[in-house]
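**Q** What follows is a single structure, and I will ask about it in a moment.
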Amino acid sequence: MKDKIRRIVLSAAQAAYDQGDLATDQFAPFQITEPKASAHGDLATNFAMVSAGVQKMAPKKIAEAVLRHIQDPDHIIARSEIAGPGFINFFITPAAWHPSLAEIFQKDHHYGESNLGGGQRIQVEFVSANPTGPLHVGHGRGAVVGDAVAAILSFCGYDVHREYYINDSGRQIHTLGRSVLYRCMQISGKPVDFPEECYQGDYVYDLAKEILKEKGGRLTTVAEDEAVAYCAEYAAGKILTVIRQDLDVLGISFDNWFSEKHLYDSGKVDAVIQYFQQKNLIYENDGALWFKTSAFGDEKDRVVVRGNGQTTYFASDIAYHKDKLDRGFEKIIDVWGADHHGYIPRIRASIQAAGKDENQFVVILTQLVNLLRAGEPVAMGKRSGQFVTLREVIDEVGRDAARFIFLTRHYDSPLDFDLEIAKQQTNDNPVYYVQYVHARISSIIKKAKAERAIEEINADDKSISLIREPEEIQIIKHLARYPETVIMSAEFFEPHRIAFYLMELAAAFHAYYNKHRVLTDDPALTAGRLYLIVAVRKVIRNGLALLGVSAPESM
RNA sequence: GCGCCUGUAGCUCAGCUGGAUAGAGCAACGGACUUCUAAUCCGUAGGCCGGGGGUUCGAAUCCCUCCAGGCGCGCCA
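Pasting the structure below:
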């Protein structure tokens, strides 16, 4: 509808120019918007105001000139007016909205799809938690946001790949190995101090017990280095399995699990260091190798190989991101926790240093999650022994509620996740509010089938013409807005737009439901209304699918 | 000290990338179930959009500057 109005305005402006009512046909970019107040019409344009400069005319004069030349052969405009500082307001005839319903039926699961991406290959890397402990709610937010962004981009015509980067190399894994080994020793009755930097969580005990059971005492007879390495590999493997299970419970799967260790084993890290040494972007100082990230906007240079010969995490990350781009992705998106923000400039620098376009690299920073129970903070943090894992949260509140809560906030704002609220089945917890629409409509359909033998939901022109209550038109207007909502959501990587869209659509439906009956004594009217609510159900289902939330038939 | 993010109703959050009288939900108060699911709806009340400057026809939105909170500033990851 916005497009139709835009075309009408443009051709009116052109006609106005052709007949000398406007000074130029170089029209400034203008918007078609939905006024907040219904008194201002269904759609409005700021054309006259933004054109004041180029036309060198008063906005109201421009608006008058445009309105004089409006051509509306399909009679979609009931009336138009000039208002405020120069808005042109359009009041759309109710019948003009009806074709949107047919479009929803025709496109069905594909309603809202677009070719925004044009098949562009895009990679979304998310979660990527180190396999040194269970996932916590913070990871959950990144997981759900990344998954939803991937789904939305895919729906918008991108060729999307989901990837998890496994940090299965380096010091943290070594620390994990030590943690498990020391616990093994303690369980076997050997008095050892448990270092502070080791992982304190109970899961380390469990892993130690498992290892002892499988390997018996042999572990303590070999050299410590060997034992640590064994424990590290064993524990990381087990933890990764649990992480996969947790993500599976959330409904998340990846196209690829990329191993950091593999990056080293295949020589890619060394190769990248050599590559940048040849380009004079890596130099030696104080026995360490430094990358000239400061030449690309970072505040200082960064170490890639330490004085003791060990590579840093940054070294493998340079290799990893270069590898991603070398694999042919036109855009790579990293979903990180906000505590990693300081890391962005150096990765971006490495990408520019490799001669790539920095705009190919996008970071979505999800802000922190505060876990609460009835308003009281719940302890989190891997190193403190006690913490609530993501799995525990999902088991307690359910996958749908968990996902929806993560997605009803802009990723840029901190999130209070209250376990008690997440469990409530009230409007405080809107996932049920949205799902309830789907269940209610499903229920009406069932009843229509059972009591009226209505097998197929369809409507002829007469039935559709009976859809004209203000609440009904309101709903169709909202349905018509779905495709642009999805596109905006994709362009800005903002899944929350869809969540809020669905809540608004749900509100419009619930209000309608309470005011009007769908199953009436008039068969034609009933057919029209069934047609309308089935369209609502399709859009609710499509939207929830993008968010990874189920659409129940009954509740 | 420097950098990133945030500051909107008592609480949790939106605000269509600069538009008209700033919106939802919860909490409060008053109503609506003999009818398609009350996990719902209708109404009332609630605001210096953190403060102050600027940019222009027009600012919650853009710029500057303070204030407050969160998170970062290692040859850690």
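Under my numbering, the first residue of the first sequence is numbered 483, with each subsequent residue one higher.
Note that CB positions come from ideal geometry on N, CA and C, so glycine has one too.
Can at least three beta-carbon pairs, one atom from the segment 732-744 and one from the segment 634-647, be found at a separation below 8 Å?
**A** Yes, since at least three Cβ pairs between the segment 732-744 and the segment 634-647 fall closer than 8 Å, the two stretches touch.
**Q** Using the C-alpha atoms, what's the distance from Met531 back to Ser866?
**A** Its pLDDT being 45, under 50, Ser866 is placed unreliably in this model, and the coordinates cannot settle the point.
**Q** By alpha-carbon positions, which one of Arg488, Gly535, His522, Gln501 ends up nearest to Gln513?
**A** Checked all of Arg488, Gly535, His522, Gln501; the closest Cα to Gln513 is Arg488.
**Q** If we count the other Cβ atoms within 10 Å of its Cβ and call it buried at 16 or more, is Ala521 buried or exposed?
**A** Burial call: exposed.
**Q** Rounded to whole angstroms, what's the CA-CA distance from Thr447 to Tyr893? Just pull it up for me.
**A** A query on residue 447 cannot be resolved here, the shown segment of the chain reaching from 483 to 1037 and no further.
**Q** Tell me which residue opens and which closes the alpha helix (DSSP H) that Lys799 is part of.
**A** First, the amino acid is wrong: residue 799 is Asp here, not Lys. 795-808 is the span of the alpha helix (DSSP H), which, as asked, contains Asp799.
**Q** With H, G and I counted as helix, E and B as strand and the rest as coil, what does DSSP make of Ser1073?
**A** The structure shown does not extend to residue 1073, since the chain spans only 483 to 1037, so no value can be given for it.
**Q** Which residue spans inside the segment 690-745 form an unbroken alpha helix (DSSP H) run of at least 4?
**A** Here the runs fully enclosed are 706-731.
**Q** Any contact of the segment 555-567 with the segment 939-958, i.e. 3+ C-beta pairs under 8 Å?
**A** Touching, no, given that fewer than three Cβ pairs across the two stretches are closer than 8 Å.
**Q** Exposed or buried, what is Asp730 when buried is set at 16 or more other beta-carbons lying within 10 Å of its beta-carbon?
**A** Exposed, since its Cβ has fewer than 16 Cβ neighbours within 10 Å.
**Q** My parser needs the alpha helix (DSSP H) runs of 4 or more residues fully inside the segment 505-551; what are they?
**A** For the segment 505-551, whole alpha helix (DSSP H) runs of length 4 or above, ordered along the chain, are 529-537, 541-550.
**Q** Considering only the alpha carbon of each residue, which of Leu1026, Arg623, Val609, Ile1015 lies closest to Phe587?
**A** It is Ile1015.
**Q** Please report the distance separating the alpha-carbon of Lys864 from that of Ala904.
**A** Low per-residue confidence applies at Lys864: pLDDT is 44, beneath 50, and the placement is therefore not dependable, though the value from the model is reported in the following sentence. Going by the C-alpha atoms only, they are around 23 Å apart.
**Q** So does the segment 829-845 actually touch the segment 800-812, counting three or more Cβ pairs closer than 8 Å?
**A** With the cut-off at 8 Å, the segment 829-845 and the segment 800-812 touch.
**Q** Do you know how far the Cα of Ile957 is from the Cα of Ile604?
**A** Between Ile604 and Ile957, the C-alpha separation is close to 34 Å.
**Q** Keeping to the same chain, check which residues put their C-beta closer than 7 Å to that of Glu902; ignore five residues upstream and five downstream.
**A** Only Arg855, Ala856 meet the Cβ criterion.
**Q** For the alpha helix (DSSP H) that Asn996 lies in, which residues bound it at each end?
**A** Taken as a continuous stretch (DSSP letters only), the alpha helix (DSSP H) holding Asn996 covers 978-997.
**Q** Does the distance from the C-beta atom of Cys666 to that of Ala705 stay below 8 Å?
**A** It is not a contact, given that the beta carbons lie outside the stated cut-off.
**Q** With 16 other CB atoms within 10 Å as the buried threshold, where does Phe974 fall?
**A** Counting Cβ neighbours within 10 Å, Phe974 comes out exposed, since fewer than 16 surround it.
**Q** Can you tell me the Cβ-Cβ gap for Val662 and Ile634, rounded? I've got them flagged as a contact below 8 Å.
**A** No, Val662 and Ile634 are not in contact; Cβ-Cβ is about 40 Å, not under 8 Å.
**Q** Please work out which residues of its chain come closer than 6 Å, Cβ to Cβ, to Ala632, disregarding the five sequence neighbours upstream and downstream, and give them in chain order.
**A** Here the set comprises Val606, Val642, Arg644.
**Q** What does the Cβ neighbour count give for Met1037, buried or exposed, with the cut at 16 atoms within 10 Å?
**A** Under this definition Met1037 is an exposed residue.
**Q** Report the residue from Val1000, Ala993, Met985 whose alpha carbon sits nearest the alpha carbon of Arg1023.
**A** Arg1023 has its Cα closest to that of Met985, out of Val1000, Ala993, Met985.
**Q** Would Lys813 be called buried (16 or more neighbouring beta carbons within 10 Å of its own) or exposed?
**A** Buried, by the Cβ-count rule.
**Q** Confirm, please, whether the CB-CB distance from Leu583 to Gln537 is below 8 Å.
**A** Their beta carbons are not under 8 Å apart, which means Gln537 does not touch Leu583 by this criterion.
**Q** Apart from the five residues on each side of it in sequence, which residues of its chain come closer than 7 Å, Cβ to Cβ, to Ala770?
**A** Within the same chain, Ala770 has close Cβ partners Val785, Val787, Arg788, Gly789.
**Q** Tell me which residues share the same chain as Glu1035 and place their Cβ nearer than 7 Å to its Cβ, disregarding the 5 neighbours each side in the sequence.
**A** Result list for Glu1035: Ala921, Ser924, in chain order.
**Q** Look at the alpha carbon of Glu585 and the alpha carbon of Gln501, and state the distance between them as a whole number of angstroms.
**A** Rounded to whole angstroms, Glu585 to Gln501 spans 37 Å at the Cα level.
**Q** Taking 8 Å as the cut-off, decide whether the C-beta atoms of Tyr593 and Val1018 are in contact.
**A** Going by C-beta atoms, Tyr593 is not nearer than 8 Å to Val1018.
**Q** Use the C-beta contact count for Pro616: other C-beta atoms within 10 angstroms, 16 or more gives buried, fewer gives exposed.
**A** With 16 or more Cβ atoms within 10 Å of its Cβ, Pro616 is classed as buried.
**Q** Beta-carbon within less than 8 Å of Glu742's beta-carbon, same chain only, minus the 5 sequence neighbours each way: which residues are those?
**A** Tyr647, Ile648, Asn649, Asp650, Ser651, Gly652, Ser798, Tyr802.
**Q** Taking DSSP's pairing of strands, which residues face Ile570 in a bridge?
**A** For Ile570, which the question treats as bridged, DSSP gives the partners Thr527, Ile564.
**Q** Rounded to whole angstroms, what's the CA-CA distance from Ser493 to His580? Just pull it up for me.
**A** Approximately 24 Å, taken between the alpha carbons.
**Q** Rounded to a whole number of angstroms, what is the C-alpha to C-alpha distance between Gln654 and Glu595?
**A** Cα-Cα distance, rounded: 43 Å.
**Q** Which residues in the same chain as Thr1008 place their Cβ atom closer than 6 Å to its Cβ, once the five residues preceding and following it in sequence are excluded?
**A** The answer, listed in chain order, is Leu1001, Thr1002.
**Q** Determine the extent of the alpha helix (DSSP H) in which Phe587 is found, giving its start and end residues.
**A** Residues 581-589.
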